[in-house]
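Protein chains in written order, with the numbering used here: chain A, -3 to 125; chain B, 1195 to 1369.
The C-beta atom is built at its ideal place from N, Cα and C for all residues, glycine as well.
Predicted, not measured: the structure shown is a model, and the values here were computed from it.
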Amino acid sequence: MTHEEIKKELSAYFDGQLGPEKAVEISAHVSACAECRAALEELSALSSGVKENLSAAAPAAMKERVLARARAEKKPLFRTSTVLAAAAVIILALMAGIAAKRYMPVMFAQIQGMINAASSTLGASGGNK
Amino acid sequence: MSPEELIEKYSDMAYCLALRLTGNAVEAEDLAEEALLRAVRGLPGFRGDCEPGIWVYRIVMNCWKNQLRSPRLAFWRRLRGFASADGEEQAIDPPDPAPGPENQLEGEARREAFEKALSRLEPQDRAILILRELDGRSYNDIAEALSIPEGTVRSRLSRAREKLRGLLRGFLEGK
């Protein structure tokens, strides 16, 4: 590689991101080239300067807000499992009603009669108030 | 990984990346918060096909690109752009050396100079530099996080450093 080509690769060389062959070639050049050594020193100073002057910690309040928002989203009014269980109970009750009407008409009629009697009693007592 | 672990491990770098992309603490906080919340929401579906940090930084970058499309923010950014358009390529001079308690002022001036110099880079170059210098990411990791080829990371980082060296020469010589 020429001096100009090596100058373009100094940044990757500084980061240790070159293959071993290129790295050895650049090492040999740098030990003999004052300009490239000075450039590497500047890269090192720049790297320290960036670390020293441009790092920043996230505000603690922001971290807490993210967690609070995430937790709030996790707590719906009804859990999915509760909704599914309630739906299953309703479906089973409906199916039991349909089966009773079809296969046990006498018992179904008795139950219906009891429900009607109870509702009329409730209706009558409500009317007396 | 639990949401708490994710926040603990990556919120500083997500915020730092957001801060250097936006150049503004308020916008950065909004951006990092949105990105981290998205990451927490997406955690159950994260397949682990890359390192979690890279995945989080990718979300920050995507949220930032979405923010750029926001008309309200675009207006303020244009306004800031007009105000800071002068002296784009001029080197930033260090303050006169000051002894004693004024060292603190010198430190602040130094920090300000680095921030000013960084703001003169393209946003993507800033992200590359920050991920490399502050998180020690490999070129391959940065390429994955920014969804660009590794060769582009290498050339853009080299160019960004060259520009910063030019702008901050006065500060680097004293090191």
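Rounded C-alpha distance that separates residue i from residue j
i               : j               : result
D1335 (chain B) : K1357 (chain B) : 23 Å
R1359 (chain B) : L42 (chain A)   : 7 Å
A92 (chain A)   : S1264 (chain B) : 57 Å
T1216 (chain B) : I1324 (chain B) : 13 Å
I1253 (chain B) : P1317 (chain B) : 16 Å
C1244 (chain B) : K97 (chain A)   : 60 Å
D1319 (chain B) : L1351 (chain B) : 6 Å
A1208 (chain B) : L1230 (chain B) : 8 Å
E1198 (chain B) : R33 (chain A)   : 45 Å
W1249 (chain B) : A56 (chain A)   : 22 Å
S1313 (chain B) : A35 (chain A)   : 22 Å
A114 (chain A)  : A68 (chain A)   : 45 Å
V26 (chain A)   : M58 (chain A)   : 46 Å
A1233 (chain B) : D11 (chain A)   : 29 Å
T76 (chain A)   : S1205 (chain B) : 31 Å
T(-2) (chain A) : E1367 (chain B) : 27 Å
Cβ neighbour criterion (16 or more within 10 Å) applied to residue i
i               : result
E1306 (chain B) : exposed
I87 (chain A)   : exposed
A1279 (chain B) : Low local confidence applies: a pLDDT of 49 at A1279 (chain B) is under 50, so the model's placement there is unreliable, and no value is given.
I1201 (chain B) : buried
E0 (chain A)    : exposed
Q108 (chain A)  : exposed
R1331 (chain B) : buried
Y126 (chain A)  : Since the first residue shown for chain A is -3 and the last is 125, residue 126 (chain A) is missing from the structure and cannot be characterised.
Q13 (chain A)   : buried
R1348 (chain B) : buried
V102 (chain A)  : exposed
M1195 (chain B) : exposed
R1326 (chain B) : buried
L1362 (chain B) : buried
Span of the alpha helix (DSSP H) around residue i
i               : result
S7 (chain A)    : H(-1) to F10
R33 (chain A)   : A30 to L50
E1367 (chain B) : R1363 to E1367
M91 (chain A)   : T76 to Y99
D1224 (chain B) : A1219 to G1236
E1199 (chain B) : P1197 to T1216
A1321 (chain B) : P1317 to E1327
Minimum Cβ-Cβ distance from residue i to chain C less than 9 Å
i              : result
S116 (chain A) : Here chain C cannot be found, since the structure's protein chains are A and B.
Residue i - DSSP class collapsed to helix/strand/coil
i               : result
N1334 (chain B) : helix
I1342 (chain B) : coil
L14 (chain A)   : coil
C1244 (chain B) : coil
S1264 (chain B) : coil
E60 (chain A)   : helix
R1353 (chain B) : helix
L1312 (chain B) : helix
A19 (chain A)   : helix
A53 (chain A)   : coil
A24 (chain A)   : helix
A68 (chain A)   : helix
A1285 (chain B) : coil
Residue i Cβ short of 8 Å to the ligand FAD heavy atom set
i               : result
Q1261 (chain B) : By its list of ligands, the structure shown contains no ligand whatsoever, and the ligand FAD lies outside what it can speak to.
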